[in-house]
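In this note's numbering, the protein residues as written are 5 to 176.
Here a beta-carbon is modelled for each residue, glycine too, at the ideal position from N, C-alpha and C.
No experiment lies behind these values; they were computed from the predicted model shown.
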Ligand SMILES: CC(C)(COP(=O)(O)OP(=O)(O)OC[C@H]1O[C@@H](n2cnc3c(N)ncnc32)[C@H](O)[C@@H]1OP(=O)(O)O)[C@@H](O)C(=O)NCCC(=O)NCCS
C-alpha cells in the first residue's frame, strides 16, 4: 500500500540512493527540476544532502510516498525564513518516478504537504513550474492560481530555454 509521510533527516539519509535515483529519473524524463541532462549520482546525492541538512535544521519538511519500502515520490515544504512572511512557504521538488505516474501519488503528496502547511500556520503557498509541463494541470486542479509566466526562465535538461509559470494558493 502506498503511504505518504514526512521523513526525518535520518530516514532521508538512509534513503539517499533512492532519492538520488528519483531525481535522476525525473531529469532523464526531461523534467525541468533544476538540473541538466547527465546528472550524476554524486551530484544528485549532494543536492539531497543539502535538503536533508535543511530538514535537520527544521528549515524544510520532506514528504515521501513509499510503497513496500520503495520511495515513489517526494515533495518539499520550505517555510519562508523571513520574519515578515511567517505565513508563507515554498513548494519544491514534487517528483514521482516515471514508472509510478498517474496513480495520484503527486496528489497524495500535495495533500499531505498542504495539511502540514495549514497545521503550522503557513497559509500561503508559492511555487513555480515549467509552462505546459505535466505539473501545470495538477497545480491548477488543486486550486493554485497562475500569476504569470517568465519567458526563457530556465533550461530543460537538453539545454533548451523554456518559460516558467509562477503560482500561489491561499489555504485559508
Ligand atoms: C508532475 C508529476 C509530479 C505528477 O505526478 P503524478 O503522480 O503522475 O500526478 P497525479 O497522478 O497525482 O496527477 C493528478 C492530476 O494531475 C494532472 N496530471 C498529472 N500528470 C499529467 C500529465 N502528464 N498531463 C496532463 N495532466 C496531468 C491530471 O489532472 C491528473 O489527474 P488524472 O490522472 O485523474 O487525469 C510527475 O509527472 C513528475 O514527477 N514529473 C516530473 C517532475 C516535475 O515536473 N515536477 C514538477 C516540478 S514543479
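Can you tell me the Cβ-Cβ gap for residue 75 and residue 26, rounded? I've got them flagged as a contact below 8 Å. 6 Å
Between the CA atoms of residue 175 and residue 22 - distance to the nearest angstrom: 31 Å
Would the C-beta of residue 64 count as close to ligand 1, meaning under 7 Å from any of its heavy atoms? no
What do you reckon, is the C-beta of residue 109 under 7 Å from a heavy atom of ligand 1? yes
Own chain residues within Cβ distance below 7 Å of residue 13, not counting five before or after: 56, 59, 60
As a quick exercise: from 128, 139, 118, pick the residue whose alpha carbon is nearest that of residue 106. 139
Enumerated in chain order, which unbroken segments of the alpha helix (DSSP H) with a length of 4 residues or greater are wholly contained in the segment 117-149? 139-145
Near ligand 1: residue 141 beta-carbon under 7 Å from a heavy atom: yes
Give me, in chain order, the residues of the same chain whose beta-carbon lies closer than 6 Å to that of residue 45; leave out the 5 immediate sequence neighbours on both sides. 24
Just the Cα atoms here: how many angstroms apart are residue 38 and residue 108? 23 Å
Given this structure, state the Cα-to-Cα distance separating residue 78 from residue 97, to the nearest angstrom. 7 Å
For residue 68, verify whether its CB is less than 7 Å away from any heavy atom of ligand 1. no
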